[in-house]
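>
Residue numbers (my numbering): 23 to 206.
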């Protein structure tokens, strides 16, 4: 082998979903697929979000100079990911960039503004803040969070907010006249 080429590039995915099969051709000095090559070809993940990992079988034996990688996933959402293919005796080659989108929202956790008190019909000092994460524990950006008073009267403003770059959204709460006060 003198070079490698991504015959089928990786595509954009949602976290937890497999990358469509990636195909790497092992070439000779004339730029032709080496039909008798059945050696090992490996992939590595670069770029994207710090701490991300390529999950699945990242080393396969080529079949007649063609290495096919199926069922690979990336564990963190992010942009500017690339795969690097390598084989003994040839320089590595990088794939096109691809993006891993966050998985759908799975959890909403209150991260600020609880435990406050104020006179009736008064706005609380601190905002009620929530964090939205996907099934892998990664922040979901751009999710709409709806807030509503569920007991005690009062109001929230805004009644809906979009999560920021850290997966967080907030609302201001004006508590009701009396009784137990809750917001969902």
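Think of the CB as a built atom: it goes at the ideal place given N, C-alpha and C, for glycine as much as any other residue.
Run the CB neighbour count on residue 180, radius 10 Å, all protein chains shown included, and call it buried at 16 or more, exposed below.
What you label residue 180 is simply residue 158 of the chain shown in a count that begins at 1. Looking at its Cβ environment, which holds fewer than 16 other Cβ atoms inside 10 Å, residue 180 is exposed.
> Starting from the Cα of residue 36, find the closest Cα among 68, 127, 86, 114 and give me that residue.
Translated into positions along the chain shown, residue 36 becomes position 14. It is 127.
> Kindly identify the DSSP beta-bridge partner or partners of residue 52.
The count along the chain shown starts at 1 and reaches residue 52 at position 30. In DSSP, residue 52 forms no bridge with anything.
> If you run the structure through DSSP and keep just helix, strand and coil, what is residue 161?
Taking the chain shown and counting its residues from 1, one reaches residue 161 at position 139. Three-state result, residue 161: strand.
> Using 10 angstroms around the beta-carbon of residue 85, count the other beta-carbons present and answer buried if the total reaches 16, otherwise exposed.
Taking the chain shown and counting its residues from 1, one reaches residue 85 at position 63. Exposed, since its Cβ has fewer than 16 Cβ neighbours within 10 Å.
> Run the CB neighbour count on residue 200, radius 10 Å, all protein chains shown included, and call it buried at 16 or more, exposed below.
On the chain shown, residue 200 is found 178 positions in, with the first residue counted as 1. Classification of residue 200: exposed, given that the 10 Å Cβ count is below 16.
> Taking buried to mean at least 16 other C-beta atoms within 10 Å of its own C-beta, is residue 23 buried or exposed?
Here residue 23 refers to the residue found at position 1 when the chain shown is read from its first residue. Answer is buried; the Cβ neighbour count reaches 16.
> Please name the residue in 177, 163, 174, 194 whose C-alpha comes closest to that of residue 184.
Residue mapping note: residue 184 aligns to position 162 of the chain shown, counting from 1. Residue 163 is the option with its Cα nearest to residue 184.
> So what's residue 41 in DSSP terms, helix, strand or just coil?
Translated into positions along the chain shown, residue 41 becomes position 19. Note: residue 41 maps to coil in three-state DSSP.
> Could you give the residue range of the beta strand (DSSP E) that holds residue 151?
As a first step, residue 151 must be located in the chain shown, where it is residue number 129. DSSP places residue 151 inside the beta strand (DSSP E), whose first and last residues are 150 to 156.
> Go through its chain and collect everything with a Cβ distance to residue 101's Cβ below 6 Å, but skip five positions before and after it.
Within the chain shown, residue 101 is the residue found at index 79, counting from 1. Cβ neighbours of residue 101 beyond the five flanking positions: 121.
> Do residue 63 and residue 44 come within 8 Å of each other at the CB atom, strictly closer than that value?
In the chain shown, counting from the first residue as 1, residue 44 sits at position 22. In the chain shown, counting from the first residue as 1, residue 63 sits at position 41. In this structure, residue 63 does not lie closer than 8 Å to residue 44 by Cβ.
> Please go through the same chain and pick out, in chain order, the residues whose beta-carbon is closer than 6 Å to the beta-carbon of residue 57, but skip the five residues on each side of it.
The residue labelled residue 57 in the question sits at position 35 within the chain shown. So the qualifying residues of the chain are 86, 87.
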